[in-house]
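Working notes for the structure below.
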Amino acid sequence: MVLRFSSYGTNSGTLASSSAAQKEKDDLYQRLLPYAPSTVSMTPIINQWVREGKTVEYAVLKKAIKQLRAYRRFKHALQIYEWIDNSKHLCITPGDVAVRLDLISKAHGLEAAEEYFASIPDNLRSSYVYGALLNCYADAKSLMKAEGTMQKMRDLGNTDLVTYNVMMNLYAKMGDLEKLQSLVQEMEDKGIAGNVISYTIRLNAYVSVPDVKEMEKLLMKMEEDSLLIDWNAYAVTANGYMKAGDVEKASKVLRKCELLGKGKNARVANESMLCLYASMGKKNDVYRIWKKLKNRGKVYSSSYLSMISGLEKLDDIDGAEKIFAEWEAKEVYFDARIPNLLIAVYCRKGHLEKAESIIERLLESGKRPNYRTWDRLALGYYSHNQMEKAVETLKKAILASMPLRTPNIHSWAPCIDYFQSNGDTVRAEEIKRLLKERGMFSAGYEKVGELQ
1 MVLRFSSYGT
11 NSGTLASSSA
21 AQKEKDDLYQ
31 RLLPYAPSTV
41 SMTPIINQWV
51 REGKTVEYAV
61 LKKAIKQLRA
71 YRRFKHALQI
81 YEWIDNSKHL
91 CITPGDVAVR
101 LDLISKAHGL
111 EAAEEYFASI
121 PDNLRSSYVY
131 GALLNCYADA
141 KSLMKAEGTM
151 QKMRDLGNTD
161 LVTYNVMMNL
171 YAKMGDLEKL
181 QSLVQEMEDK
191 GIAGNVISYT
201 IRLNAYVSVP
211 DVKEMEKLLM
221 KMEEDSLLID
231 WNAYAVTANG
241 YMKAGDVEKA
251 SKVLRKCELL
261 GKGKNARVAN
271 ESMLCLYASM
281 GKKNDVYRIW
291 KKLKNRGKVY
301 SSSYLSMISG
311 LEKLDDIDGA
321 EKIFAEWEAK
331 EVYFDARIPN
341 LLIAVYCRKG
351 HLEKAESIIE
361 RLLESGKRPN
371 YRTWDRLALG
381 YYSHNQMEKA
391 VETLKKAILA
401 SMPLRTPNIH
411 SWAPCIDYFQ
421 SNGDTVRAEE
431 IKRLLKERGM
441 FSAGYEKVGE
451 LQ
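Under UniProt numbering, the first residue of the sequence shown is numbered 1, with each subsequent residue one higher.
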């Protein structure tokens, strides 16, 4: 087996520099990246590459791990680390350990991550590793363990701005503004200056209450430093005013948001403002922002989704239909989320025939509805007491679903109950069988009684 490592690897080696070597590197990366169910292992893919007598480069594996994390394919990323371990040719760095700890937590849960942390030698327990453990506890909202880890990092002198941001965010999520403020004071005492993330966490915390006085005071402080203020701060503040019922102040703040929401941030900023204006009932501003998005050139799927969602809030279904028609006319890359959203809107409004017509058009044009398409229609049928149609559509949702991608429990559980209450155990068992074959059934049906 041949291993070659990048310049930032822990072993020395020769980098493949020729175009042929570059092609090999890219080929292995491309073999690892295509979608596969979590039950399919990455290990045979790498082993096959080795059997073909080809080079395995550490940099390629690291690149694949990074991308798999971005795709939330945590088990697959872990399998690559396991292959590296088994190869016995690499010395794992503290950075690798930190990434692996995070992956284990996301793939197998907090207890598994704690077991892995306990096995890490002291020489590898760097600030990165403790930081990853802190993140695991924060993600799980395990407050006492997060606080214990934070104290350990203080004792080791490993705290920095990132760790304080993690803890502040946790306190904000837990609604503990007193502890959040205590942490802010600790940062000030230690001379640790906050960044835009720190201030945005605090701003969101005040908005969640909402505490308008503290929100305004913090915003004024942010406005004193151009590095701390951005369009998002004004969007968050506008949301705070809306929660407090002050639409006039929310509108004024959104005007400031528009001034900063330019350049590379323009699309995301405008999409956020579009949703906020819709929540405020400002139809003219919604269409004005939409025009700005269109004037930028390419209109992204996320913009269509924001606009259709916003128009639903305004009860402007005719407008939503026109936006959808624009997307249909210009659509180059098919994004099922857009028709799915309008189908959901129609179902919520009781326009089931219109929802059906969208699916018919998709099928006629050669598009394949996904499981969410059918699931939304099934839920619409159920909500309007058309149980036979709900059942047949649910079957389509199950058959179109990917393994472990579960249709909405609120659509399939009532279908099973419907059959059972009518003594039709055959069809009830058929639905259960279809769900079980795809690993869906055991996830929540036993709790249906609690949901209804």
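All C-beta atoms, glycine included, are put in the ideal place defined by N, C-alpha and C.
Mind reading off the beta-carbon distance from residue i to residue j? Whole number of angstroms is fine, and I expect it under 8 angstroms.
i: Leu101; j: Ile80; result: At roughly 15 angstroms, the Cβ-Cβ gap does not stay under 8 angstroms, so Leu101 and Ile80 are not in contact.
i: Leu276; j: Leu254; result: 6 angstroms
i: Asn204; j: Val236; result: 6 angstroms
i: Met167; j: Tyr130; result: Not a contact, Cβ separation roughly 13 angstroms.
i: Leu274; j: Ser301; result: About 14 angstroms; that fails the 8 angstroms criterion.
i: Leu78; j: Leu103; result: 5 angstroms
i: Ser383; j: Cys347; result: 7 angstroms
i: Tyr199; j: Gly240; result: About 14 angstroms separates the two Cβ atoms, so there is no contact after all.
Between the alpha carbons of residue i and residue j, how many angstroms are there, rounded?
i: Asn232; j: Ala269; result: 7 angstroms
i: Ile92; j: Ala70; result: 21 angstroms
i: Pro94; j: Leu143; result: 25 angstroms
i: Val212; j: Tyr234; result: 13 angstroms
i: Leu314; j: Arg288; result: 14 angstroms
i: Asn370; j: Pro339; result: 11 angstroms
i: Leu219; j: Val345; result: 36 angstroms
i: Leu435; j: Leu363; result: 24 angstroms
i: Thr14; j: Tyr29; result: Note on Thr14: pLDDT 33, under 50, position unreliable in the model; no value is reported.
i: Met150; j: Ala36; result: 37 angstroms
i: Arg368; j: Asn284; result: 35 angstroms
i: Lys243; j: Pro210; result: 7 angstroms
i: Met222; j: Leu133; result: 31 angstroms
On the three-state DSSP scale, how would you describe residue i?
i: Val253; result: helix
i: Glu224; result: coil
i: Arg56; result: Checking the sequence shown, residue 56 turns out to be Val, not Arg. In the structure shown, Val56 sits in a strand (DSSP, three-state: E or B).
i: Gln386; result: coil
i: Thr373; result: helix
i: Ile308; result: helix
i: Thr200; result: helix
i: Asn284; result: helix
i: Pro121; result: coil
i: Ala98; result: helix
i: Ser6; result: Its pLDDT being 34, under 50, Ser6 is placed unreliably in this model, and the value from its coordinates should be taken loosely. Ser6 falls in the coil class under three-state DSSP.
i: Thr163; result: helix
i: Thr39; result: coil
Using CA atoms only, rank isn't needed, just tell me which of the options is closest to residue i.
i: Ile323; options: Trp290, Gly131, Gly350, Lys349; result: Trp290
i: Phe74; options: Gln386, Leu156, Leu228, Thr39; result: Thr39
i: Met174; options: Ala146, Asp160, Met307; result: Ala146
i: Glu216; options: Ser226, Arg202, Leu227; result: Arg202
i: Leu395; options: His384, Ala378, Tyr382; result: A small fix is needed here, since residue 395 is Lys in this sequence, not Leu. Nearest C-alpha to Lys395: Ala378.
Could you pull the start and end residues of the alpha helix (DSSP H) that residue i belongs to?
i: Phe334; result: No alpha helix (DSSP H) contains Phe334, which DSSP labels as neither H nor E.
i: Arg267; result: 266-279
i: Pro44; result: 43-51
i: Ser126; result: Per DSSP, Ser126 belongs to no alpha helix (DSSP H) and is neither H nor E.
i: Ser357; result: 352-364
i: Asp189; result: 177-190
May I ask you to check if the CB of residue i is nearer than 7 angstroms to at least one heavy atom of the ligand GDP?
i: Leu435; result: For the ligand GDP, the structure offers nothing, since it holds no ligand at all.
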